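J.: Which chain is which? The protein sequence lines are A and B, in order. Residue numbering for the first sequence is 21 to 285, as defined by this note's numbering. Residue numbering for the second sequence is 322 to 505, as defined by this note's numbering. In this text, a Cβ means the ideal position worked out from N, Cα and C, and glycines have one as well. All figures in this text were calculated on a predicted structure; none of them were measured in a lab.
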Amino acid sequence: MESEEFKTSGLLESYALGLASEEEKKLVEDMLSTYPELREELNSVYQSLENYALTFSREAPVKLKSKVSGRINQIQEEGAAKTTPVIPFAKKKTNLRFPLAASVTLFIMSAAFNFLLYSKWQKAEDRTIALEKEKEVIAGEFSIQKADYHRLSGDYNLMIDPANRMIVMKGTESHLSMNSIVFWNSVSHEVFVNVTSLPEPPQGKQYQLWALKAGKPIDAGVFDFKKSLQKMKKIESADAFAVTLEDFGGKPSPSLDQLYVIANI
Amino acid sequence: MSPVKIKYTEEELVGLLKSRSKEAFEYLYDNYSSALFGIASKIVNSEEIAEDILQDAFVKIWNNIQNYNSEKGRLFTWLLNITRNTAIDHIRSLRFRQDQKNQKIENTVGIIDSNFNTVSKVDHIGLKEAVQKLRPEYVTIIEMSYFKGYTQEEISNELNIPLGTVKTRCRAALNELRSLMEVR
Chain A
21 MESEEFKTSG
31 LLESYALGLA
41 SEEEKKLVED
51 MLSTYPELRE
61 ELNSVYQSLE
71 NYALTFSREA
81 PVKLKSKVSG
91 RINQIQEEGA
101 AKTTPVIPFA
111 KKKTNLRFPL
121 AASVTLFIMS
131 AAFNFLLYSK
141 WQKAEDRTIA
151 LEKEKEVIAG
161 EFSIQKADYH
171 RLSGDYNLMI
181 DPANRMIVMK
191 GTESHLSMNS
201 IVFWNSVSHE
211 VFVNVTSLPE
221 PPQGKQYQLW
231 ALKAGKPIDA
241 GVFDFKKSLQ
251 KMKKIESADA
261 FAVTLEDFGG
271 KPSPSLDQLY
281 VIANI
Chain B
322 MSPVKIKYTE
332 EELVGLLKSR
342 SKEAFEYLYD
352 NYSSALFGIA
362 SKIVNSEEIA
372 EDILQDAFVK
382 IWNNIQNYNS
392 EKGRLFTWLL
402 NITRNTAIDH
412 IRSLRFRQDQ
422 KNQKIENTVG
432 IIDSNFNTVS
442 KVDHIGLKEA
452 VQKLRPEYVT
462 IIEMSYFKGY
472 TQEEISNELN
482 IPLGTVKTRC
492 RAALNELRSL
502 MEVR
C-alpha cells in the first residue's frame, strides 16, 4: 500500500484514537517505519487530539501537589534504603527530644572513639613526615570533637536534670524555619539558651532573650549567636519566652517587630 | 529573594527527570498538572477519583521516565497517554460504563462545562471556541474512543453503526478537528 493511499484509509486516525486492532496496529507500525512522512501525519493527528484534550484543562487542587511530592519522596527514600540506610527526618512534628538525645548519644560514642584515636596518634609520633601531617589533621579534628563533646555533654546534663524544662521556641510568621531552645530550671530558676536555628545577626545587632509574664516582657539577657549553650539571667516565673533582634548590648524593652522565635508555656 | 523563573526545553527537562532532579519534577507538575487533571476529570467524571488518577499518573511518570525517549514522540503525548490510560483502566474496572451508557454521551461535554469551572490558559480560549464547532457525532466518537477507551466493536454496538462506518467517521472527525485547529 502506498503512503498516500494509506493516509486516506483512516488507519492512522484509528491508531491515534486507540481503536486499532492488533493486526491494524502492526500494519500501521510497519508503514510508519517504511514511510517516514506518515510519522509526520500521525504527529499532526496526535497534535489535534492533544490540543482538544487541552481545552479540558483544570487546575488541580492545591493540596495534591504535596501529596504527589510526598509519594515521590517515599519512592526515592525506599530506593536509597536499599543501598544505604537513610534516617528519615521527622519534618512536621516538633518533638526534638528524641533526635537530640539520639545525636547526643552518637556524639558521646564518637567522642569516645576519638579518645581512642588520640592515643593511637601518640604512638605514631615516631613515623615519617607524611604521617606527621596526618597526625596534625587528626589532632585538629579531635579538638573540635572534644569541644563539641563538652558543649553537648552540657546540653545532655541539662536535659537529663528533671528540674529542667526544655522549651522550644518556634519561628514567627516571617521567620518560619527558625527555632531555639530554652532550658529553665524550676528549682534554681536558672535559664540557659541553646541556639539551634537562627541566622547570623547583621553587624551591630544581637539576639536578646525575653521572658513574658502577664504580657510584660522581662529581660533575660543578650546572647552570642555563635555559642550554642549560654547561661542567661534567672527568671522566677514566665508565661512565654521569646527572642528578638536588638542593637548590640540589648535594650530595656523588646522591639516587637523584630520577634524571631517564641514559645508559650 | 524572588524566585528565578526557569524555563526548560523538553530535552533538558527529560534529562533532568532521568537524573532524578526534584526541581525538574516540580517543574513538570507545575506545568502539566492542569492539562492532565483536566483529562483525568473528563474521563472519570469525578473530582475525587481524578485526584487519585493524577497521583497515580505522576508516580508512573516518575517511575517510567527512564523508558521515555524523543523517538517515542513528544513528551506531552507520553504524559497524556499515561494519564489517559490510567483513567480509562479505572473506569473499565469499575464497570463504570453501565452508568455512563445510560447518560447520553453527546451531552457529557456540556455537563462537564457547566458543572466544572475549567481554568483555561489564554491560548486555549480560542481553541475551545473552535472546538465548539465540531459536529456532535464527531464529538461523540472522539469521546468514546479517546476519552473512554471503547473499542471499535463497542462503539459500533453502542451507536448502532457498522464497523466500517466507525472507521470512516473517525477519520472524518479527526480531519474536521485538525482543520478547526488550523483555521484559528
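1) Ends of the alpha helix (DSSP H) at A/P119?
2) Provide the residue span of the beta strand (DSSP E) that contains A/L229, from first to last.
3) Taking a cut of 9 Å between CB atoms, which residues from the region 21 to 40 of chain A lie near chain B?
4) With DSSP as the reference, please indicate the residues paired to A/P237 in a beta bridge.
5) Where does B/L415 sit, in a helix, a strand or coil, going by DSSP?
6) Starting from the beta carbon of B/Q376, find every residue of chain A whose beta carbon is closer than 9 Å, and list them in chain order.
7) Leaving out five residues before and five after A/I285 in sequence, what residues of the same chain have Cβ atoms less than 7 Å from its Cβ?
8) Per DSSP, A/T264 is paired with what?
9) Using 8 Å as the cut-off, can you tell me whether the region 47 to 63 of chain A makes contact with the region 336 to 349 of chain B, which would need three or more C-beta pairs spanning the two stretches below that distance?
10) Taking just the CA atoms, how far does A/S123 sit from A/Y35?
11) Given that a residue counts as buried once 16 or more other Cβ atoms are within 10 Å of its Cβ, and exposed if not, what is A/R78?
12) Three or more C-beta pairs closer than 8 Å, one from the region 365 to 381 of chain B and one from the region 454 to 474 of chain B: is that the case here?
13) Are the C-beta of B/T398 and some C-beta of chain A separated by less than 8 Å?
14) Name the chain B residues that come within less than 8 Å of A/L69, Cβ to Cβ?
15) For A/F162, I'd like the list of residues in its chain whose CB is within less than 6 Å of its CB, leaving aside the five on either flank, ordered along the chain.
16) Report the rounded CA-to-CA distance for A/L279 versus A/A80, giving the unit in angstroms.
17) Measure from the C-beta of B/K442 to each C-beta in chain A and report whether the shortest distance is under 8 Å.
18) In chain order, what residues of the same chain lie with their CB nearer than 6 Å to the CB of A/Q250, ignoring the 5 residues before and after it?
19) Anything in chain A within Cβ reach of B/E332, meaning under 9 Å, just list it in chain order.
20) Which class does A/K247 belong to by DSSP, given the choice of helix, strand or coil?
21) May I ask you to report which of helix, strand or coil DSSP gives A/F15?
22) Quick one: Cα of A/A73 to Cα of A/L62, how far?
23) Return helix, strand or coil for A/V48, following the three-state DSSP convention.
24) Verify the CB distance criterion: does B/S391 have a CB-CB separation below 8 Å to chain A?
25) Compare the C-beta of B/I327 against all C-beta atoms of chain A and say whether one is closer than 8 Å.
26) Tell me, please, which residues DSSP counts as bridged to B/S466.
27) So, for B/K425: in the same chain, excluding its five sequence neighbours on each side, which residues have a beta-carbon less than 6 Å away from its beta-carbon?
28) Could you name the residues of chain B that A/V65 contacts, counting a contact when the two beta carbons are closer than 8 Å?
29) Which chain B residues are close to A/T54, counting only those with a beta carbon under 8 Å from its beta carbon?
30) Which residue's Cα is closest to the Cα of B/L375: B/R395, B/I327 and B/N402?
31) Exposed or buried, which one is A/D181 when buried takes at least 16 other CB atoms within 10 Å?
32) Going along the region 343 to 367 of chain B in order, which residues come within less than 7 Å of chain A, judged by CB to CB distance?
33) Compare the C-alpha of B/F468 against each of B/I327, B/S362, B/R492 and B/K454 and name the closest.
34) Got a sec: which bits of the region 190 to 203 of chain A sit with their beta carbon under 7 Å from any beta carbon on chain B, in order along the chain?
35) Between A/F118 and A/M179, what straight-line distance do the alpha-carbon atoms span, to the nearest angstrom?
36) Kindly list the residues whose CB is nearer than 8 Å to the CB of A/L27, restricted to its own chain and excluding five residues on each side of it in sequence; keep chain order.
T.: On the basis of the coordinates in this document:
1) Here the question's residue 119 of chain A lines up with position 99 in the first sequence. It spans R117 to K143 - the alpha helix (DSSP H) in which A/P119 sits, taken as one unbroken run.
2) Within the first sequence, the letter at position 209 stands for residue 229 of chain A. Start and end: K225 to K233.
3) T28, S29, G30, L31, L32, E33, S34, A36, L37, G38, L39 and A40
4) Mapped onto the first sequence, residue 237 of chain A falls at position 217. The partner list for A/P237 (beta bridge, DSSP) reads A/L232.
5) Here residue 415 of chain B refers to the residue found at position 94 of the second sequence. The answer is coil: DSSP assigns B/L415 none of H, G, I, E or B.
6) As a position in the second sequence, residue 376 of chain B is number 55, starting the count at 1. Near B/Q376 (Cβ distances below 9 Å), the residues of chain A are L84, K87, V88 and R91.
7) To locate residue 285 of chain A, count along the first sequence from 1; it is residue 265. The answer, listed in chain order, is I187, A258, D259 and A260.
8) As a position in the first sequence, residue 264 of chain A is number 244, starting the count at 1. Looking at the DSSP assignment, A/T264 forms a beta bridge with A/Q228 and A/L279.
9) no
10) Against the first sequence, residue 35 of chain A aligns to sequence position 15. Against the first sequence, residue 123 of chain A aligns to sequence position 103. Distance between the alpha carbons of A/Y35 and A/S123 is about 60 Å.
11) Along the first sequence, one-based indexing puts residue 78 of chain A at 58. Result: buried.
12) no
13) For the purposes of this step, residue 398 of chain B is taken as residue 77 along the second sequence, with counting starting at 1. It does; some Cβ of chain A falls within 8 Å.
14) The residue given as residue 69 of chain A occupies position 49 in the first sequence. Under the 8 Å cutoff, chain B gives I463, Y467, L495 and L498.
15) For the purposes of this step, residue 162 of chain A is taken as the residue at position 142 of the first sequence. So the qualifying residues of the chain are N134 and Y138.
16) Residue 279 of chain A sits at position 259 when you count from the first residue of the first sequence. Residue 80 of chain A sits at position 60 when you count from the first residue of the first sequence. If I take the Cα positions, the gap works out to 36 Å.
17) On the second sequence, residue 442 of chain B is found 121 positions in, with the first residue counted as 1. For B/K442, the predicted model reports a pLDDT of 41, less than 50, meaning its position is unreliable and no value from the coordinates is stated.
18) Looking up residue 250 of chain A in the first sequence gives position 230. Within the same chain, A/Q250 has close Cβ partners V213 and F243.
19) Within the second sequence, numbered from 1, the residue matching residue 332 of chain B stands at position 11. Residues of chain A passing the Cβ test: none, with the nearest at roughly 17 Å.
20) Start at 1 with the first residue of the first sequence, and residue 247 of chain A comes out as number 227. DSSP places A/K247 in coil when its eight states are reduced to three.
21) Coverage of chain A is limited to positions 21 through 285, which leaves residue 15 of chain A absent and any answer about it impossible.
22) As a working note, residue 73 of chain A is residue 53 in the first sequence. As a working note, residue 62 of chain A is residue 42 in the first sequence. Rounded to whole angstroms, A/A73 to A/L62 spans 16 Å at the Cα level.
23) Against the first sequence, residue 48 of chain A aligns to sequence position 28. A/V48 falls in the helix class under three-state DSSP.
24) As a first step, residue 391 of chain B must be located in the second sequence, where it is residue number 70. No, B/S391 does not count as interfacial toward chain A.
25) Counted from its first residue, the second sequence places residue 327 of chain B at position 6. By this cut-off, B/I327 is not an interface position.
26) Stepping through the second sequence from its first residue, residue 466 of chain B is reached at position 145. Paired residue(s): none; B/S466 is not in a bridge.
27) Sequence index remark: in the second sequence, residue 425 of chain B carries index 104 (1-based). The pLDDT assigned to B/K425 is 46, lower than 50, so where the model puts this residue is not dependable; a value taken from the coordinates is nonetheless given after this. Closer than 6 Å at the Cβ level, and outside the excluded window around B/K425, lies no residue.
28) Mapped onto the first sequence, residue 65 of chain A falls at position 45. L495 and R499, listed in chain order.
29) Start at 1 with the first residue of the first sequence, and residue 54 of chain A comes out as number 34. Here the premise fails: no neighbours, minimum Cβ distance about 16 Å.
30) The count along the second sequence starts at 1 and reaches residue 375 of chain B at position 54. If we check each option's Cα against that of B/L375, B/N402 comes out closest.
31) Residue mapping note: residue 181 of chain A aligns to position 161 of the first sequence, counting from 1. Classification for A/D181: exposed.
32) F346, Y350, S354, S355, A356, F358, G359, I360, S362 and K363
33) The count along the second sequence starts at 1 and reaches residue 468 of chain B at position 147. When only C-alpha atoms are compared, the closest one is B/S362.
34) none
35) Your numbering for residue 118 of chain A matches position 98 in the first sequence. Your numbering for residue 179 of chain A matches position 159 in the first sequence. So the alpha carbons of these two residues sit roughly 11 Å apart.
36) Against the first sequence, residue 27 of chain A aligns to sequence position 7. According to the sequence provided, residue 27 of chain A is Lys. The question's Leu does not apply to it. For A/K27, where only same-chain residues beyond five positions count, the Cβ hits under 8 Å are L58 and E61.
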